[in-house]
Structures are given as structure tokens and as C-alpha cells.
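Undergrad:
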Amino acid sequence: MEKINNVTEFIFWGLSQNLEIEEVCFVVFSVFYIVILLGNLLIMLTVYVGNLFKSPMYFFLSYLSFVDICYSSVTAPKMIVDLLAKRKAISYVGCMLQLFGVHFFGCTEIFILTVMAYDRYVAICKPLHYMTIMDQDRCNKLLLGTWVGGFLHSIIQVALVVQLPFCGPSEIDHYFCDVHPVLRLACTDTYVVGVVVTANSGTIALGSFVILLISYAIILVSLRKQSAEGRRKALSTCGSHIAVVIIFFGPCTFMYMRPDTTFSEDKMVAVFYTIITPMLNPLIYTLRNAEVKNAMKKVWGDYDLINRVNTIY
Numbered sequence: 090m091e092k093i094n095n096v097t098e099f100i101f102w103g104l105s106q107n108l109e110i111e112e113v114c115f116v117v118f119s120v121f122y123i124v125i126l127l128g129n130l131l132i133m134l135t136v137y138v139g140n141l142f143k144s145p146m147y148f149f150l151s152y153l154s155f156v157d158i159c160y161s162s163v164t165a166p167k168m169i170v171d172l173l174a175k176r177k178a179i180s181y182v183g184c185m186l187q188l189f190g191v192h193f194f195g196c197t198e199i200f201i202l203t204v205m206a207y208d209r210y211v212a213i214c215k216p217l218h219y220m221t222i223m224d225q226d227r228c229n230k231l232l233l234g235t236w237v238g239g240f241l242h243s244i245i246q247v248a249l250v251v252q253l254p255f256c257g258p259s260e261i262d263h264y265f266c267d268v269h270p271v272l273r274l275a276c277t278d279t280y281v282v283g284v285v286v287t288a289n290s291g292t293i294a295l296g297s298f299v300i301l302l303i304s305y306a307i308i309l310v311s312l313r314k315q316s317a318e319g320r321r322k323a324l325s326t327c328g329s330h331i332a333v334v335i336i337f338f339g340p341c342t343f344m345y346m347r348p349d350t351t352f353s354e355d356k357m358v359a360v361f362y363t364i365i366t367p368m369l370n371p372l373i374y375t376l377r378n379a380e381v382k383n384a385m386k387k388v389w390g391d392y393d394l395i396n397r398v399n400t401i402y
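In this note's numbering, the protein residues as written are 90 to 402.
1. What does the alpha-carbon distance come out to for the pair L372 and S105?
2. How is S259 classed by DSSP in three states: helix, strand or coil?
3. Please work out which residues of its chain come closer than 8 Å, Cβ to Cβ, to F155, disregarding the five sequence neighbours upstream and downstream, and give them in chain order.
4. Less than 7 Å between the C-beta atoms of G139 and F200, yes or no?
5. Measuring straight from C-alpha to C-alpha, what distance separates L231 and Y152?
6. Should E112 be labelled buried (16 or more other beta-carbon atoms within 10 Å of its own) or exposed?
7. Can you tell me whether Y137 is buried or exposed? The criterion is at least 16 other CB atoms within 10 Å of its CB, across all chains shown.
8. Within 10 angstroms of the Cβ of K387, are there 16 or more other Cβ atoms? Answer buried if so, exposed if not.
9. Relative to the C-alpha of L249, which residue among L188, G257, C214 is closest?
10. Can you tell which of T287, L141, I261 has its C-alpha closest to the C-alpha of Q246?
11. At what residues does the alpha helix (DSSP H) containing E354 begin and finish?
12. Which of the three DSSP states, helix, strand or coil, is assigned to F338?
13. Give the straight-line distance between the Cα atoms of T279 and W102, rounded to the nearest whole angstrom.
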């Protein structure tokens with residue numbers, strides 16, 4: 090198949106075609122993005138200043154915050170600027186880079202959440218061997234594996250798209266470049282590509298989700314053997330993780346565990362995993378997790394700081 094590409098840029102339809110709604114969304118999502126940056130940076134600074142990297146939980150939590158910042162930054166700034174723009178355009182190269190970034194950081198976050206579930210499993214089910222199993226060398230290898238896995242997944246997605254011919258139209262009914270909306274613009278039959286894309290993304294999303302559910306089920310069952318205080322602490326930590334998993338994986342599964350089709354609701358669903366989840370992670374992991382909250386108080390020694398963060402959320 091000879092590739093014909095007459096498209097040099099794509100035009101987004103954006104979240105809405107209503108000017109008043111877009112102005113309101115501009116204010117709301119600008120605030121959301123600022124909260125994402127401040128909240129996740131606060132967690133990263135807490136781990137760094139407090140030298141908490143020796144604890145696997147804090148080690149992975151800091152990188153989850155870093156990935157959240159990168160993940161939302163791939164789409165949020167462009168979307169916010171476009172809300173006030175009459176012409177919402179992105180170059181072909183920019184679109185491919187955005188597609189790569191969304192799947193790279195999104196998949197990396199999925200793998201980090203899976204690793205964090207494994208960390209909680211070892212901590213609760215094998216407490217006497219925890220520090221031996223989750224030593225720094227293993228943590229580094231697990232973290233490297235999340236980045237490599239995310240890269241391989243995203244490079245496959247981009248490779249499937251860039252070899253397709255595009256000859257117009259070039260309008261995307263979305264606010265960022267994702268695989269399914271872009272595939273609809275290709276000037277060829279994309280059935281096989283769509284199946285591969287669904288198999289790639291769907292297997293990762295659904296497979297990781299199932300693994301996480303099983304791991305937390307095992308953890309909850311094992312808590313019956315713990316003391317009341319031990320159960321309380323474990324449930325506090327695991328409750329935070331489970332909340333993040335449900336909020337993040339629910340929309341992702343809806344988007345990628347289906348054939349190559351698009352719905353009008355896709356844009357609003359995508360808002361959840363590209364903006365809402367990165368914004369809620371600091372809230373869930375910090376303000377609803379006594380251990381992390383106490384660590385922040387010890388590191389910063391400023392209860393007013395925590396109170397101001399509480400006010401933000």
C-alpha cells in the first residue's frame with residue numbers, strides 16, 4: 090500500500106462548540122491544571138526533602154506524581170489554550186508526538202499502579218521479608234520495567250498510525266490526538282489496525298485491572314489475620330490505592346476495551362483519566378492517607394502548609 094499523506098495538520102473540534110461553555114471550561118480546567126502541578130509537586134518535594142526514597146511506597150508514589158504531571162501536561166495546556174482559540178489546530182508531527190506522550194505516560198502510570206499494588210501485597214502479606222524483597226535494587230528494576238513497558242506500548246501505537254495514509258478531511262472530534270479518532274481519518278481500511286490497537290491497549294488496561302483486583306482481594310482476605318490496628322493502617326493505605334485504580338481504570342477500560350469506534354461521550358470520559366485522576370491523586374494519597382500525611386507534617390514541620398493544601402482540595 091502506497092502511503093499518501095496530504096495532511097500537514099489536524100483540526101480539533103474541542104470539548105464544545107459553545108463559546109460560553111468554552112470560557113467556563115477555560116477557567117475550570119486552568120484551575121484543575123494548577124492543582125495538578127502544585128499537588129503532585131508537593132508530594133515529590135516531600136519525598137525528596139525528607140529523603141524518603143528508602144521506603145518503597147514513597148519511592149513509587151513520587152514517580153507516580155511525576156508521571157501524573159507529565160501525563161496531564163501532554164494534553165491539558167493545549168486543550169486550555171484551544172478553549173479560547175477560534176482555530177484549534179495541531180501539526181501532523183505534533184499530533185503524533187501527543188499520541189505517543191498520552192500512551193507512554195498513561196501506560197507507565199498503569200504499570201506503576203500495578204507495582205504499587207505488589208508493594209502493598211508484600212508489605213501486608215509478607216511483612217517480615219518486606220525490606221528484603223523490596224530492596225532498592227528491585228525497586229529500581231521494577232521502575233525501569235514500567236518505563237520500558239510504557240515506551241514499547243506507545244511506540245507500537247504510533248507505528249500503527251504513522252504508516253497510514255491521510256488525504257483529508259483532517260478534523261478530529263476530540264481535544265487531543267488519540268488512536269481511535271485519528272484512525273477514522275485514514276484513507277484506507279483500518280479494521281486490522283483497529284483490532285491490533287484494541288488488543289494492545291485493551292490487554293494492558295484490562296489485564297492490569299484484573300491483576301490489581303486480584304491482588305487487593307488477596308490483601309483484604311489476609312487482613313483477617315491482622316490486629317485491629319494493623320487492619321486500620323492497611324485499609325487506610327489500600328483504600329487510597331483502590332480508589333485511584335477505580336477512577337483511572339474505569340474510563341480507560343471504557344475507551345480502549347472496544348472495537349475501533351468513537352462515541353460523543355469519549356471526550357468527557359477522557360477528561361477523567363487525563364485531568365481528573367492526576368488532580369485527585371494528591372488528594373487521595375495525601376489527605377486520605379494518614380501515613381503519607383504524617384510524613385508531610387514531619388518533613389515540612391508546618392501544619393499551616395497542610396491546612397492550605399486541605400483548603401485547595
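Ideal placement from N, C-alpha and C gives every residue a C-beta, glycine not left out.
Predicted model, so just to flag it, every value in this text is computed and none were measured.
TA: With the structure as the only source:
1. Counting from 1 along the sequence shown, the entry for residue 372 is found at position 283. Counting from 1 along the sequence shown, the entry for residue 105 is found at position 16. Looking at the two C-alpha atoms, the distance is approximately 28 Å.
2. Here the question's residue 259 lines up with position 170 in the sequence shown. Note: S259 maps to coil in three-state DSSP.
3. As a first step, residue 155 must be located in the sequence shown, where it is residue number 66. The beta carbon of F155 sits closer than 8 Å to the beta carbons of N129, M133 from its chain, once the five residues preceding and following it are set aside; these are given in chain order.
4. As a first step, residue 139 is located in the sequence shown; it is residue number 50 there, counting from the start. As a first step, residue 200 is located in the sequence shown; it is residue number 111 there, counting from the start. In this structure, G139 lies away from F200, with their beta-carbon atoms at least 7 Å apart.
5. In the sequence shown, the residue the question calls residue 231 occupies position 142. In the sequence shown, the residue the question calls residue 152 occupies position 63. Cα to Cα, the separation comes out at about 12 Å.
6. Taking the sequence shown and counting its residues from 1, the one referred to as residue 112 is at position 23. Under this definition E112 is an exposed residue.
7. Position 48 of the sequence shown holds residue 137. Answer is exposed; the Cβ neighbour count stays below 16.
8. As a first step, residue 387 must be located in the sequence shown, where it is residue number 298. With fewer than 16 other CB atoms across the displayed protein chains lying within 10 angstroms of its CB, K387 is exposed.
9. Stepping through the sequence shown from its first residue, residue 249 is reached at position 160. It is L188.
10. If you number the sequence shown from 1, residue 246 lands on position 157. For Q246, the nearest C-alpha among the options comes from T287.
11. In the sequence shown, counting from the first residue as 1, residue 354 sits at position 265. For E354, there is no enclosing alpha helix (DSSP H), as DSSP marks it with neither H nor E.
12. Translated into the one-based positions of the sequence shown, residue 338 becomes position 249. Helix.
13. Locating residue 279 in the sequence shown gives position 190, where the first residue counts as 1. Locating residue 102 in the sequence shown gives position 13, where the first residue counts as 1. Whole-angstrom Cα-Cα distance: 22 Å.
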